[in-house]
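Quick notes on the structure that follows.
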Amino acid sequence: MTTLRLAIVGAGPAGIYAADILHKAEKKFEVSIDLFEQLPAPYGLVRYGVAPDHPRIKGIVNALRDVVDSGNIRLFGNVLYGRDISLDDLKEHYNAVIFSTGAVRDASLDIPGIDLPGSYGAADFVSWYDGHPDVPRQWPLEHKEVAVIGNGNVALDVARMLVKHADDLLPTEVPANVYDVLKASPVTDVHIFGRRGPYQVKFTPLELRELGELNDVDMILHDEDFEMDAASQLAIDTNKQILVLSRILNSWRERTTGAASRRLHLHFYAKPLELVGDGHVEAIRFERTRPNGEGGVEGTGEIREVPIQAAYRAIGYFGSALPGIPFDEHRGVIPNREGQVIDDDDQQVHGVYATGWIKRGPVGLIGSTKSDAMETVKHLIHDQANWWSPRHPELSSITELLDSRGVEYTTIDGWHALDQHEIALGEAAGRARIKVVPRDEMVRISREAPRA
Ligand code: NAP
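The working numbering applies: residue 571 is where the sequence shown begins, and numbers increase by one.
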């Protein structure tokens, strides 16, 4: 029977789900998958994007682990596509490749002052608090009043991490250096700004609800933001999620405030215009908007300012181009038809596929990458006639290539060793896990394990 030798680049949920779906799919060939990952550890945004106080979402790791540990897949961690391995290398060793590299950069916000010191991208902050090996270990949490721009779940994560008391994070896997910086933070007020109304937010109910459960944090909302227009009423009447979100937000308006040492302010109908400051962020200037009757907003011309000393834009993530692969600079995705990568002339690039956020953009919860992977895998299976014909499909040739280049790749056994090491570190401190943060240490611990 023919064997499909498949490379998957990116070992986050999207790549792992694609591997799982392919193994389980009905097909007339065997499958042999090598999963390449630029980080020494797998799981992508589940390990480096989900906030440490979200153990429920971190639990997705259990499902991913079952796939990675199934014995059907080899993991090559600490291997960067475009540096350690090229498209030509993949063609030499595999029949096809699926890119599942996600979207890890911050979308840009083109307003004056956005480059001032004190202005940050949410993705960088998330990487820092999740112990990503490639970001600095220090983060300047030195200010009392902070803005978070955006009304999606990343904005909620960032605001929650900024305003939550560090000791309430202790039971989680928050890295030690992150706890220390959060513990010393002088923050008193975090302001979340949304350019549309409270019934047009992108939050999800579970995530919004937990924001209101923070210890010693008052929720501050403004009556003027809750005047109802016909489009908002329609959204509440026809969308269960919006109904639940509206109940949560309105319940906070009933609360007594004033006793907490920290405050979380929600500003709706506030379109950011400028970060104001002389050498450092000193205020956010925004235009008050109003409903336009169709679910959108229009400017009112009324300009307001709120003093802040730091600002985080959480307005969405953005994908990165990959060497040799078409890229849509405008949308930050690999151009594709249902996962089949296409070139500038709309022609299919044979053997090359995409799935996850690099395929469809950074929207949707982790579970939605499953249906996405199904679509991509369906085409991969049907495209058998157009697969590449590798000269060296044998399993050993890729390890020989990486070894010959001196690439210090990590394996599934190596990941198990690192995983156990982190759990043991946690046990000693009465915590679930303590993450190893420096890349060289992750690689060393992983490579001390017997190699696959
Ligand atoms: P998102 O859900 O797309 O939200 C982006 C927010 O930024 C929206 O409120 C959007 O407003 C706003 N925005 C965009 N451009 C803006 C601009 N120029 N000025 C002002 N505001 C602007 O993106 P995300 O928060 O990055 O989340 C990405 C995905 O990951 C989502 O599917 C999210 O649910 C998921 N996620 C889930 C969790 C979880 O805990 N379950 C955690 C993190 C992320 P408009 O709506 O007006 O465009």
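All residues carry an ideal CB built from backbone N, CA and C; glycine is no exception. Because the structure is a prediction, the values reported are computed rather than measured.
Contact under 8 Å by Cβ, residue i with residue j
| i | j | result |
| --- | --- | --- |
| Ile-591 | Ala-943 | yes |
| Ile-818 | Tyr-769 | no |
| Ala-581 | Leu-645 | yes |
| Gly-863 | Asp-799 | yes |
| Tyr-979 | Leu-972 | yes |
| Tyr-887 | Ala-677 | yes |
| Gly-849 | Gly-683 | no |
| Gly-926 | Ala-693 | no |
| Ala-924 | Val-911 | yes |
| Asn-665 | Leu-574 | yes |
| Leu-686 | Leu-843 | no |
| Thr-758 | Glu-715 | yes |
| Ser-966 | His-663 | no |
| Leu-634 | Val-616 | yes |
| Glu-743 | Arg-1001 | yes |
Continuous beta strand (DSSP E) stretch holding residue i: start and end
| i | result |
| --- | --- |
| His-986 | That residue, His-986, is in no beta strand (DSSP E); its alpha helix (DSSP H) goes 982-998. |
| Val-517 | Residue 517 lies beyond the stretch modelled for the chain, which goes from 571 to 1022, so this question has no answer here. |
| Arg-832 | 832-837 |
| Ser-689 | 689-691 |
| Tyr-923 | 918-924 |
| Pro-877 | 867-877 |
| His-538 | Residue 538 is absent from the structure shown; the chain starts at 571 and stops at 1022. |
| Pro-861 | 853-861 |
| Asp-788 | 787-790 |
Buried versus exposed, by CB contacts within 10 Å (16 or more), residue i
| i | result |
| --- | --- |
| Phe-599 | exposed |
| Leu-650 | exposed |
| Leu-836 | buried |
| Gly-1034 | The question about residue 1034 has no answer here: the residues shown for the chain are numbered 571 through 1022. |
| Ala-881 | buried |
| Ala-998 | exposed |
| Ala-673 | buried |
| Gly-688 | buried |
| Thr-808 | exposed |
| Arg-1003 | buried |
| Thr-572 | exposed |
| Glu-797 | exposed |
| Asp-914 | exposed |
| Glu-777 | buried |
| Ser-816 | buried |
| Leu-804 | exposed |
| Ser-802 | buried |
| Asn-723 | buried |
First through last residue of the alpha helix (DSSP H) which encompasses residue i
| i | result |
| --- | --- |
| Phe-773 | From DSSP, Phe-773 is part of no alpha helix (DSSP H); its letter is neither H nor E. |
| Tyr-587 | 583-594 |
| Asp-604 | Note, Asp-604: premise wrong, no alpha helix (DSSP H); beta strand (DSSP E) at 600-606. |
| His-540 | Since the first and last residues shown for the chain are 571 and 1022, residue 540 lies out of range. |
| Tyr-618 | 614-618 |
| Lys-810 | 810-823 |
Below 8 Å, can you find three or more Cβ-Cβ pairs linking the region 607-626 to the region 699-708? The region 607-626 makes contact with the region 699-708; the number of CB pairs closer than 8 Å reaches 3 or more.
Checklist entry - Would you call the region 725-739 and the region 754-765 in contact, with 3 or more CB pairs under 8 Å? => result Put simply, the region 725-739 touches the region 754-765. At least three CB pairs are less than 8 Å apart.
- Message: Assess contact between the region 874-886 and the region 842-857, defined as three or more Cβ pairs (one per stretch) separated by less than 8 Å. Is contact present?
- Response: Between the region 874-886 and the region 842-857 there are three or more inter-stretch CB-CB distances shorter than 8 Å, so the stretches are counted as touching.
* Asked: Would you call the region 701-717 and the region 738-751 touching, i.e. three or more CB-CB distances under 8 Å?
  -> Contact between the region 701-717 and the region 738-751 is present, with at least three C-beta pairs closer than 8 Å.
Worksheet item: Taking one C-beta from the region 983-991 and one from the region 1011-1020 each time, how about it: are there three or more such pairs within less than 8 Å?
Response: Judged by Cβ distances under 8 Å, the region 983-991 makes contact with the region 1011-1020, as three or more pairs qualify.
Check your understanding: Counting Cβ pairs closer than 8 Å, one from the region 779-795 and one from the region 832-847, do we hit at least three?
Key -> A contact exists between the region 779-795 and the region 832-847.
- Are at least three pairs of beta-carbons, each pair with one atom in the region 807-816 and one in the region 737-744, less than 8 Å apart? Touching, no, given that fewer than three Cβ pairs across the two stretches are closer than 8 Å.
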